[in-house]
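Beneath this line is the structure, given in structure tokens, with notes to follow.
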Amino acid sequence: MASWARIRLWWRWAVVLCGVAALLLLLIQLNALFAEYKKVASLMALQPPLLSFQELDQVEYLTLLSPYGLKHPQTINLNHEFLIEYSPARSLFFPSSWHGTFDPTNTNTNATTRFFLPEKIWLDTAGNPIQAHGGGILFDHTYFWYGEYKNGKTYQAESTGTARVDIIGVACSSSKDLWAWKFEGIVLAPHPSDPTHDLHKSKVLERPKVIYNEKKANM
């Protein structure tokens, strides 16, 4: 009888200890969840005017609360969030200050020329088509759109039979609002005479990139 009493006593203490451990684990999880909630709340509380002055460098992921409740916070790819119309991160990509520029339902007759429409050629501030094929945008207090300059003669390449334009160079345009773009010129010209050079006009130039030269402190 004494041995059974000891077993029951040990069993009760084991149950109590398991309960205490489970409670501690729950408190740890709740504390971590609350910390994530505070970070997300502070981020989402930013208004679009403030976001426009905030520089973000190499942001790939953002921790958001699950749309189905607070049970499982999750890390979401911003590339996916960009495509979701009702994403909580929508204001990061489309601040309300841009709506007047890009909303084709705007009835303001003075702004109709600021609509970008499919199949319509996008012109720069000089009235010429923007040349930035295969390029990207770099932000340094001003938006810089760089890419291949293709305003040349198109012909059929003998080796591949594909249509091509000889290398003219990498063009760059600048903008303050992502709509009105000023052509800044050719920032990387082809090599004029050496056919073995990577930038000779007979070569293929695609998807140019911009990197920072730390020694010369320029791009």
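Numbering (our numbering), first residue to last: 55 to 273. Glycine included, C-beta positions come from ideal geometry on N, C-alpha and C.
With fewer than three CB-CB distances shorter than 8 Å, the segment 190-198 does not count as touching the segment 213-223. Counting the other CB atoms within 10 Å of its CB gives residue 266 a total below 16, which places it among the exposed residues. Ranked by how close their Cα comes to the Cα of residue 178, the residues 206, 217 and 232 have 232 in first place.
For residue 227, the secondary structure class from DSSP, reduced to helix, strand or coil, is strand.
The continuous beta strand (DSSP E) containing residue 218 extends over residues 217-219.
Looking from the CA of residue 253, the closest CA among 217, 202 and 207 belongs to 202. Per the coordinates, the alpha-carbon of residue 72 lies some 14 Å from the alpha-carbon of residue 81. Here the alpha carbon of residue 84 sits roughly 21 Å from the alpha carbon of residue 70. The three-state reading of DSSP puts residue 137 in helix, counting H, G and I together.
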